[in-house]
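Residue numbers (this note's numbering): 511 to 655.
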């Protein structure tokens with residue numbers, strides 16, 4: 511499990527003011543470069559509202575303008591949302607997905623439950639029968655359900 515999101519990422523630093531003003535979280539940024547240009551993939555999420563097609567189209571236009579003004583190489587931009595079965599990839603995502611139902615693997619089997627509360631080194635995981643304080647370092651796999 512990744513400890514935290516890389517906030518030193520150049521793309522993140524260029525678009526964070528826009529996404530913060532719109533109350534949208536940047537979950538993931540992937541950058542691929544080759545001799546002909548590159549591809550930038552960004553996964554966005556909002557707790558407060560759905561990121562529908564119209565909003566994603568508007569976000570794509572705004573983010574593309576920011577990135578094109580700052581990068582000298584050609585690239586394509588792909589925006590997406592996490593999807594219903596996203597694999598949780600960092601400690602930060604447990605905070606972002608607080609209240610959501612997840613499948614969690616600690617030993618060798620999955621348990622379904624909810625992320626009740628996220629803390630700095632652990633989170634409270636609630637199943638039908640118990641509440642556990644789970645350290646991020648103990649998580650083998652986790653994904654949204």
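All residues carry an ideal CB built from backbone N, CA and C; glycine is no exception.
Check your understanding: So what does DSSP say about residue 644, is it helix, strand or coil?
Key -> Numbered from its first residue, the chain shown carries residue 644 at position 134. Correct three-state label for residue 644: strand.
**Study point:** residue 586 to residue 592 span [Cα, whole Å]
**Key:** The sequence position of residue 586 within the chain shown is 76, counting from 1. The sequence position of residue 592 within the chain shown is 82, counting from 1. Each residue's alpha carbon lies about 19 Å from the other.
**Study point:** Nearest candidate by alpha-carbon position, reference residue 539, set 530, 547, 523
**Key:** Working through the chain shown from its first residue, we reach residue 539 at position 29. Taking only the C-alpha atoms, the option nearest residue 539 is 523.
**Study point:** Per-residue burial, residue 583 [other beta carbons within 10 Å of its own, 16 or more giving buried]
**Key:** Sequence index remark: in the chain shown, residue 583 carries index 73 (1-based). With fewer than 16 other Cβ atoms within 10 Å, it is exposed.
Exercise for review: State buried or exposed for residue 655, treating a residue as buried only when at least 16 other CB atoms are found within 10 Å of its CB.
Suggested key: The count along the chain shown starts at 1 and reaches residue 655 at position 145. It is exposed - the Cβ of residue 655 has fewer than 16 other Cβ atoms within 10 Å.
Check your understanding: Which same chain residues, not among the five before or five after residue 641, have their C-beta less than 8 Å away from its C-beta?
Key -> Against the chain shown, residue 641 aligns to sequence position 131. Around residue 641: 626, 634, 635.
**Study point:** Per-residue DSSP class, three states only, for residue 650
**Key:** The count along the chain shown starts at 1 and reaches residue 650 at position 140. Residue state, collapsed to three classes: coil.
Review point. Can you name the residues that DSSP bridges to residue 551?
Key: Numbered from its first residue, the chain shown carries residue 551 at position 41. According to DSSP, residue 551 bridges with 540, 588.
Point to revise | 3 or more residues per run - each beta strand (DSSP E) lying fully within the region 569-615 | key: Those beta strand (DSSP E) runs which fall completely within the region 569-615 and span 3+ residues are 585-590, 611-615.
Check your understanding: To the nearest whole angstrom, what separates the beta carbons of residue 576 and residue 525, a pair I think is in contact under 8 Å?
Key -> In the chain shown, the residue the question calls residue 576 occupies position 66. In the chain shown, the residue the question calls residue 525 occupies position 15. Their Cβ separation, rounded to whole angstroms, is 6 Å, which keeps residue 576 and residue 525 in contact under 8 Å.
Check your understanding: With a Cβ-Cβ cutoff of 9 Å, do residue 535 and residue 556 count as a contact?
Key -> Against the chain shown, residue 535 aligns to sequence position 25. Against the chain shown, residue 556 aligns to sequence position 46. Yes, these two residues count as a Cβ contact at 9 Å.
Practice item. Sort out for me which residues DSSP pairs residue 623 with in a bridge. Key: Along the chain shown, read from residue 1 onward, the residue named residue 623 stands at position 113. Bridge partners of residue 623: 612.
Exercise for review: Report the option in 568, 546, 543 whose CA atom is closest to the CA atom of residue 529.
Suggested key: For the purposes of this step, residue 529 is taken as residue 19 along the chain shown, with counting starting at 1. That would be 568, whose Cα lies nearest to the Cα of residue 529.
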